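A.B. asks: So the protein sequences, as listed, match chains C, H, R and W.
Each step along the first sequence adds one to the number in this note's numbering, with nothing skipped, and position 43 is 43.
Position in the second sequence counted from 1, then plus 93, gives you this note's numbering.
Position in the third sequence counted from 1, then plus 329, gives you this note's numbering.
Position in the fourth sequence counted from 1, then plus 710, gives you this note's numbering.
Positions of the beta carbon are idealized from the N, C-alpha and C atoms, including for glycine.
Computed from a predicted structure; not experimentally measured.
This is the structure I have questions about; it appears just below.
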Amino acid sequence: MAEKATAKPAKESPKESEQVSSVHIFPEWCKGCGICVAFCPKQVLEMGDDQKAHVAHPEKCIRCYLCARRCPDFAITVADEEGNIVREEGDHQ
Amino acid sequence: MDYAEIRLSGSGGQGMGLAGRIFSESAITEGYNVCQTQSYGPEARGGASRTDIIFSCHQILFPNCRNLDVLLAMNQESSDKFSDSVREDGLILVDSTYVDQPPEGNRVYEYKLTQTSMETFKIPLAANLIALGIIAALTRYFSLESWTDAIRRTVPERFRDLNLDAFELGHREGREILHVEEGRVPVAYDRKRPVPECIKERFEDRRRASGKGGGSRKSNKRKKDSSKKKKKSGGK
Amino acid sequence: MIVPWGETRLVQGNEAVALGAVASELDLFAGYPITPSSEVAELLSRFLPQQGKKWIQMEDEIASISAIIGGSLAGARSMTATSGPGFSLMQEGLGYACMTEVPLVLVNVMRGGPSTGLPTQVAQGDVMQARWGTHGDHPVIALIPADVKECFELTIKAFNLAEEYRTPVILLSDEVIGHMRERVDFPEKEEMDLTRQPRPDVPVEWYEHYHPTATNVSPMARFGRGYRFHVTGLTHDVHGFPTRKVDEVNAKMERLKHKITRRLEDLEDNRIHGVEESDVVIFAYGSVYRSAMAARQMLAEEDGENVGVFRPVTIWPFPDKTVKELLDTKDVVLVPELNQGQIIHEVERLTVDSVRVVPLHRVDGYEITPEEIVDRIREVM
Amino acid sequence: MPAHLPYEYKYLRHKKKFPHVWCPGCGIGILMGSIIRAVDALGWKKDDVVMSSGIGCTSRMPVYVDFNTLHTTHGRALAFSTGVKLANPELQIVAVMGDGDALAIGGNHLIHTARRNLDMTAIVVNNSNYGMTGGQFSPTTPEGAKTSTTPYGMIEPTFDACDLARSAGASFVARGTVYHVMELDKFLQKAMRKKGFSLVEVLSPCPTSFGRRNKQADPVKMMESLRDGTVNTAQAKKMKPEELEGKIVRGIFHDIEKKEYLERYEELCARASETAVK
């Protein structure tokens with residue numbers, strides 16, 4: 001496939017409801033497969049009209065990382081308490 | 094009409110191939126020579142996919158379209174890429190569910206194909222047949238029987254009614270557009286006209302009859318709050 | 330009734346190949362998935378079991394060609410279908426089938442190459458491979474369709490030639506022809522030549538698997554029917570037993586060569602349009618022939634020029650005599666190809682220096698358009 | 711730029727077009743994340759990693775990751791990788807293949823690379839069909855399943871890739887699924903850390919080519935059958951045979967210490983140099 005636009009996606013939709021949440025969904029990469037929504041242990045996520053996943057109940061998120069790791073398209077990131085992206089066993093580089 | 098070039102373009106999984114086959118089958122029923130080619134990449138979903146159809150009274154030599162009588166563009170990329178290979182008096186139909194900036198041209202029609210399909214038939218996949226209906230009405234290629242016959246021959250049994258309904262919805266819309274353009278019907282034509290009730294009811298009855306009533310997993314979605322509405326509101 | 334004899338249908342190229350195979354009473358298909366030929370295998374996986382015939386998807390292309398050689402020896406009319414990368418894997422098997430004079434049909438739906446290349450796009454880059462892909466001197470018959478109906482007719486012809494000449498026959502289709510859908514008015518069954526070659530009827534002791542005959546082809550027995558013959562890729566004598574004796578080796582090699590060279594007229598199949606009367610000729614094959622004919626039409630309408638078109642349907646053996654006869658007196662021969670120049674070398678070989686042989690290449694996965702041909706013709710006119 | 715980057719992001723090639731080529735709900739993207747996390751956890755430097763692949767949907771993975779990447783011919787990833795390893799034993803090789811790629815056309819190379827116990831990790835993504843070419847059956851397609859080349863149902867028996875690799879000589883063999891992603895992360899780390907030939911079979915959904923033809927077009931349904939259709943080795947031990955019927959067992963089946971091929975080769979060179987000295 002053609003070397004098209006860079007992997008840096010253009011724009012991100014407004015997300016007041018996701019402000020406090022540690023789960024961030026990136027609509028440009030989400031293909032609406034529904035896996036994250038179906039298997040989130042706390043039903044934090046829901047499918048929107050635009051066939052994309054949305055954070056519906058951020059307060060319920062227990063940061064288990066399952067949605068991020070089961071997302072086939074790298075469209076979900078989960079931040080820790082301070083809000084930055086950290087691996088479980090400490091940062092490498 | 095003794096020679097016409099039609100291009101149905103969109104992304105993988107939007108049914109351009111099936112729509113193309115129905116188009117070609119209709120042409121054959123009316124005795125035309127037909128040649129249909131496809132061009133696509135590795136992606137079975139997403140990615141660019143287009144189907145070219147040429148029908149003619151004479152032998153068709155070169156199989157690819159070069160200046161189009163009809164262009165269907167289901168997304169912005171296809172619309173941008175192919176709109177300038179449409180003839181002067183060619184027709185362009187774009188799915189304004191995804192196409193924000195429609196192309197220039199004197200016969201450009203915007204219609205929320207996928208959205209209408211979702212609202213009427215609960216799935217997006219009938220958009221291609223709605224589009225065929227509109228194109229069939231606007232171009233007056235082939236008789237209605239040839240189209241519906243082709244749909245029956247091409248579409249698997251379990252999707253036949255859905256596709257026939259979608260085609261009829263599109264055909265009705267196309268006739269509506271035609272009447273307005275030819276000034277035959279004085280009524281103010283409002284692009285956001287609701288889907289004709291009779292089609293919706295018949296579809297609902299059949300859904301209840303088949304025991305599929307109630308929302309499927311996809312439809313218990315969150316009501317969009319106003320802040321999330323897309324910048325450009327609905328049809329022009 | 331799988332084959333729609335006498336009916337009009339919208340048919341895909343690959344589908345027409347599958348229908349042609351069924352029409353030829355195919356007994357065994359062995360293949361492996363590869364774009365853009367998978368539809369042939371997929372359709373036959375539906376048709377053949379309905380007739381109680383054998384269909385198998387092998388673990389790869391080497392296995393596929395091996396299986397159909399085995400099948401053919403055991404009495405099955407056999408076929409496989411592949412594309413460039415698979416065709417390369419099949420070369421050793423193809424050579425084996427040439428040496429052991431086993432009839433089979435190999436369909437190669439050409440795609441952008443080399444290597445993985447452009448799997449969903451068109452090219453004609455395997456034409457020389459069809460002739461010289463396998464090692465050593467060997468006979469080759471290759472046919473090139475240019476529309477969907479020909480996919481049907483040439484598949485039937487391929488089966489007939491394979492049996493008549495006891496050799497593999499290659500059908501060189503391409504992604505455009507293979508995936509294109511066209512209206513096809515199917516012939517009546519009676520119009521098609523579905524003759525079968527006679528089986529040997531000599532007493533077992535007299536049977537020679539490679540019996541010398543005027544046409545260098547002898548009726549071939551099949552396993553399990555009383556003749557108990559030996560087959561080996563080693564160079565062999567008339568009985569099929571290995572030999573290194575000079576006269577027997579030469580006899581074998583001459584037989585392999587002459588069974589083709591002695592019957593070039595029978596094998597030749599060209600489409601010639603206005604070549605005698607024109608000074609400029611387009612030499613085109615396969616899907617590019619369609620662009621050439623469209624260009625011929627445009628040049629006639631717009632420039633009032635009669636530009637001839639010469640199209641070989643049987644590409645191997647190459648129609649040397651006719652090409653030389655017809656093209657030697659021309660000013661210009663344009664050879665448009667979806668490769669970087671392969672058949673053009675054959676045309677150059679056969680024409681005197683006074684004839685200007687002009688290439689027109691396209692290897693970006695798209696068809697050469699009639700306009701491109703017309704522009705090049707106008708340049709050289 | 712998204713405000714919050716997935717931390718796998720620094721291992722992705724940013725010039726490549728995202729979202730990637732795989733269909734919605736395909737599990738190959740999940741596996742790619744899992745491999746990246748394993749590389750990260752093992753502290754491998756990007757320059758030391760070679761990801762190779764054959765042909766098919768899975769084979770499109772290397773182009774997206776910022777390693778030395780080698781997209782080879784159909785079924786030949788392990789053969790190419792053998793040459794890479796011989797030329798530069800320092801390189802850490804991860805070969806990703808589909809079920810057809812590894813077990814049909816690539817079967818011969820799989821058993822011989824395992825037999826040699828060459829130090830590399832082979833990952834076989836098992837989605838029960840050839841997705842890229844439109845859904846033909848593969849050696850792992852379950853009996854009775856519908857595919858584009860088994861319109862009347864699959865009749866060929868399948869074989870177990872893990873048993874095959876173990877009996878051929880692999881020193882580490884495991885099977886996981888993209889649903890059990892935490893477990894998969896662990897299996898991959900162990901496999902990649904292992905000195906010798908490791909094979910990990912990863913069950914993965916294919917909604918478009920396989921699911922649609924077998925009443926599982928919805929990615930969520932396919933993931934549910936991975937969840938409900940598999941048990942880990944501990945659970946399996948406690949289950950009666952009839953309970954295990956139709957279930958696929960996940961876990962590490964084989965993990966032994968065995969002389970790696972290049973160790974043998976060094977010994978050979980030592981012997982050779984002795985003869986040269988005399």
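Where H464 of chain R and R723 of chain W are concerned, what is the direct C-alpha to C-alpha distance, given to the nearest angstrom?
C.D. replies: Within the third sequence, residue 464 of chain R is the residue found at index 135, counting from 1. Within the fourth sequence, residue 723 of chain W is the residue found at index 13, counting from 1. Between H464 of chain R and R723 of chain W, the C-alpha separation is close to 42 angstroms.
A.B. asks: Would a C-beta distance cut-off of 9 angstroms place Q129 of chain H and Q169 of chain H closer than the cut-off?
C.D. replies: Position 36 of the second sequence holds residue 129 of chain H. Position 76 of the second sequence holds residue 169 of chain H. It is not a contact, given that the beta carbons lie outside the stated cut-off.
A.B. asks: Please report the Cβ distance between R551 of chain R and A403 of chain R, rounded to the nearest whole angstrom; I am assuming they are in contact, meaning their Cβ atoms lie under 8 angstroms.
C.D. replies: Position 222 of the third sequence, counted from the first residue, corresponds to residue 551 of chain R. Position 74 of the third sequence, counted from the first residue, corresponds to residue 403 of chain R. Contact flag correct, Cβ pair sits at about 6 angstroms.
A.B. asks: Check distances from the C-beta atoms of the segment 363-394 of chain R to those of chain W and list, in chain order, the residues that come in under 7 angstroms.
C.D. replies: Answer in chain order: I363, T364, S367, A370, E371, S374, R375, P378, Q386, E388, D389.
A.B. asks: Here's the rule I'm using: 16 or more other beta-carbon atoms within 10 Å means buried, otherwise exposed. How should M949 of chain W be labelled?
C.D. replies: Within the fourth sequence, the letter at position 239 stands for residue 949 of chain W. M949 of chain W is exposed by the Cβ-count criterion.
A.B. asks: Residues of chain H with CB under 8 angstroms from T918 of chain W, in chain order?
C.D. replies: For the purposes of this step, residue 918 of chain W is taken as the residue at position 208 of the fourth sequence. Chain H residues near T918 of chain W: G106, A137, R138.
A.B. asks: Considering only residues of the same chain and omitting the five flanking positions on each side of Q526 of chain R, which have a CB-CB separation below 7 angstroms?
C.D. replies: Position 197 of the third sequence holds residue 526 of chain R. Closer than 7 angstroms at the Cβ level, and outside the excluded window around Q526 of chain R, lie E492, E493, P548.
A.B. asks: Which residue spans inside the segment 353-412 of chain R form an unbroken beta strand (DSSP E) run of at least 3?
C.D. replies: You should have 357-360, 383-386, 407-411.
A.B. asks: Output yes if chain H places a C-beta closer than 9 angstroms to the C-beta of C1050 of chain W; else output no.
C.D. replies: Shown here, chain W extends from 711 to 988; a query on residue 1050 of chain W therefore has no answer.
A.B. asks: Helix, strand or coil for L801 of chain W, going by three-state DSSP, please let me know.
C.D. replies: Position 91 of the fourth sequence, counting from 1, holds the residue named residue 801 of chain W. Residue state, collapsed to three classes: coil.
A.B. asks: Examine the Cβ distances between the segment 66-85 of chain C and the segment 880-892 of chain W and report whether three or more of them are shorter than 8 angstroms.
C.D. replies: Segments in contact, yes.
A.B. asks: Quick check on the burial criterion: 16 or more other C-beta atoms within 10 angstroms. Buried or exposed for W240 of chain H?
C.D. replies: As a working mapping, residue 240 of chain H is identified with position 147 in the second sequence. So W240 of chain H ends up on the buried side.
A.B. asks: Using 9 angstroms as the limit for Cβ to Cβ distance, is L45 of chain C near chain W?
C.D. replies: Taking the first residue of the first sequence as 1, we reach residue 45 of chain C at position 45. Closer than 9 angstroms: no.
A.B. asks: Mind checking G110 of chain H: buried by the 16 CB within 10 Å criterion, or exposed?
C.D. replies: The sequence position of residue 110 of chain H within the second sequence is 17, counting from 1. Per the 10 Å Cβ criterion, buried.
A.B. asks: Where do the N-terminal and C-terminal ends of the beta strand (DSSP E) with C128 of chain H fall, by residue?
C.D. replies: As a first step, residue 128 of chain H must be located in the second sequence, where it is residue number 35. That run of the beta strand (DSSP E) goes 126-133.
A.B. asks: Sort C:C36, C:V55, C:S22, C:W29 by Cα distance to F74 of chain C and report the nearest one.
C.D. replies: For the purposes of this step, residue 74 of chain C is taken as residue 74 along the first sequence, with counting starting at 1. Checking every option, the nearest Cα to that of F74 of chain C belongs to C:W29.
A.B. asks: Quick check: the Cα distance between F515 of chain R and D476 of chain R, rounded to an integer number of angstroms?
C.D. replies: For the purposes of this step, residue 515 of chain R is identified with residue 186 of the third sequence, where counting begins at 1. For the purposes of this step, residue 476 of chain R is identified with residue 147 of the third sequence, where counting begins at 1. Near 13 angstroms, if we compare the C-alpha coordinates of D476 of chain R and F515 of chain R.
A.B. asks: E700 of chain R and A624 of chain R: beta carbons closer than 9 angstroms?
C.D. replies: Within the third sequence, the letter at position 371 stands for residue 700 of chain R. Within the third sequence, the letter at position 295 stands for residue 624 of chain R. Yes, the Cβ-Cβ distance between E700 of chain R and A624 of chain R is below 9 angstroms.
A.B. asks: Evaluate L752 of chain W with the Cβ neighbour count: other Cβ atoms within 10 Å of its Cβ, from every protein chain shown; 16 or more gives buried, anything less gives exposed.
C.D. replies: On the fourth sequence, residue 752 of chain W is found 42 positions in, with the first residue counted as 1. It is exposed - the Cβ of L752 of chain W has fewer than 16 other Cβ atoms within 10 Å.
A.B. asks: Tell me the rounded alpha-carbon separation between L780 of chain W and M761 of chain W.
C.D. replies: Position 70 of the fourth sequence, counted from the start, is the residue given in the question as residue 780 of chain W. Position 51 of the fourth sequence, counted from the start, is the residue given in the question as residue 761 of chain W. Rounded to the nearest angstrom, the two C-alpha atoms are 6 angstroms apart.
A.B. asks: Find the nearest neighbour of V687 of chain R within the set R:E708, R:R678, R:V664, judged by alpha-carbon distance.
C.D. replies: Residue 687 of chain R sits at position 358 when you count from the first residue of the third sequence. V687 of chain R has its Cα closest to that of R:V664, out of R:E708, R:R678, R:V664.
A.B. asks: Once DSSP output is grouped into helix, strand and coil, what is the label at A166 of chain H?
C.D. replies: Along the second sequence, read from residue 1 onward, the residue named residue 166 of chain H stands at position 73. Reduced to three states, the DSSP call for A166 of chain H is strand.
A.B. asks: Contact criterion: CB-CB distance below 9 angstroms. Does I62 of chain C meet it with respect to chain W?
C.D. replies: To locate residue 62 of chain C, count along the first sequence from 1; it is residue 62. With 9 angstroms as the cut-off, I62 of chain C does not count as an interface residue toward chain W.
A.B. asks: Using the Cβ count rule (16 or more neighbours within 10 Å means buried), how would you classify D389 of chain R?
C.D. replies: Sequence index remark: in the third sequence, residue 389 of chain R carries index 60 (1-based). Buried, by the Cβ-count rule.
A.B. asks: What are the partner residues of V438 of chain R, as DSSP defines its beta bridges?
C.D. replies: Counting from 1 along the third sequence, the entry for residue 438 of chain R is found at position 109. Beta-bridge pairing links V438 of chain R to R:S502.
A.B. asks: Which residue from H:Y202, H:F214, H:Q208, H:I216 puts its Cα closest to that of L231 of chain H?
C.D. replies: Taking the first residue of the second sequence as position 1, residue 231 of chain H is located at position 138. Looking at the Cα atoms, H:Y202 is the closest of the given residues.
A.B. asks: In the DSSP assignment, find the beta strand (DSSP E) that holds G183 of chain H and state where it starts and stops.
C.D. replies: What you label residue 183 of chain H is simply residue 90 of the second sequence in a count that begins at 1. G183 of chain H -> beta strand (DSSP E) spans 179-188.
A.B. asks: So what does DSSP say about V469 of chain R, is it helix, strand or coil?
C.D. replies: Start at 1 with the first residue of the third sequence, and residue 469 of chain R comes out as number 140. Note: V469 of chain R maps to coil in three-state DSSP.
A.B. asks: Who are the near neighbours of A281 of chain H in its chain, counting only those whose CB is closer than 7 angstroms to its CB and skipping five residues on each side?
C.D. replies: On the second sequence, residue 281 of chain H is found 188 positions in, with the first residue counted as 1. With a pLDDT of 38 at A281 of chain H, under the threshold of 50, the modelled position of this residue cannot be trusted; read the value that follows with caution. Excluding sequence neighbours, A281 of chain H sits near nothing in its chain.
A.B. asks: Using only alpha-carbon positions, find the residue among W:G816, W:S908, W:A880, W:G879 that is nearest to P849 of chain W.
C.D. replies: For the purposes of this step, residue 849 of chain W is taken as residue 139 along the fourth sequence, with counting starting at 1. The shortest Cα separation from P849 of chain W among W:G816, W:S908, W:A880, W:G879 belongs to W:G816.
A.B. asks: Between which two residues does the alpha helix (DSSP H) carrying S22 of chain C extend?
C.D. replies: Taking the first sequence and counting its residues from 1, one reaches residue 22 of chain C at position 22. S22 of chain C -> no alpha helix (DSSP H), and no H or E assigned at all.
A.B. asks: If distances are taken between C-alpha atoms only, which option among R:C427, R:K518, R:L655, R:D466 comes closest to I499 of chain R?
C.D. replies: For the purposes of this step, residue 499 of chain R is taken as the residue at position 170 of the third sequence. Ranking R:C427, R:K518, R:L655, R:D466 by Cα distance to I499 of chain R puts R:C427 first.
A.B. asks: Check whether the Cβ of E479 of chain R lies closer than 9 angstroms to any Cβ atom in chain H.
C.D. replies: Here residue 479 of chain R refers to the residue found at position 150 of the third sequence. Not an interface residue.
A.B. asks: Given 8 angstroms as the limit, is there contact between the segment 759-774 of chain W and the segment 840-847 of chain W, that is, 3 or more CB pairs closer than that?
C.D. replies: Touching, yes, given that three or more Cβ pairs across the two stretches are closer than 8 angstroms.
A.B. asks: Beta strand (DSSP E) containing D608 of chain R: first to last residue?
C.D. replies: Along the third sequence, one-based indexing puts residue 608 of chain R at 279. Per DSSP, D608 of chain R belongs to no beta strand (DSSP E) and is neither H nor E.
A.B. asks: Does the beta carbon of G886 of chain W come closer than 9 angstroms to any beta carbon on chain C?
C.D. replies: One-based indexing of the fourth sequence puts residue 886 of chain W at position 176. For G886 of chain W, the answer is no, since every Cβ of chain C falls outside 9 angstroms of its Cβ.
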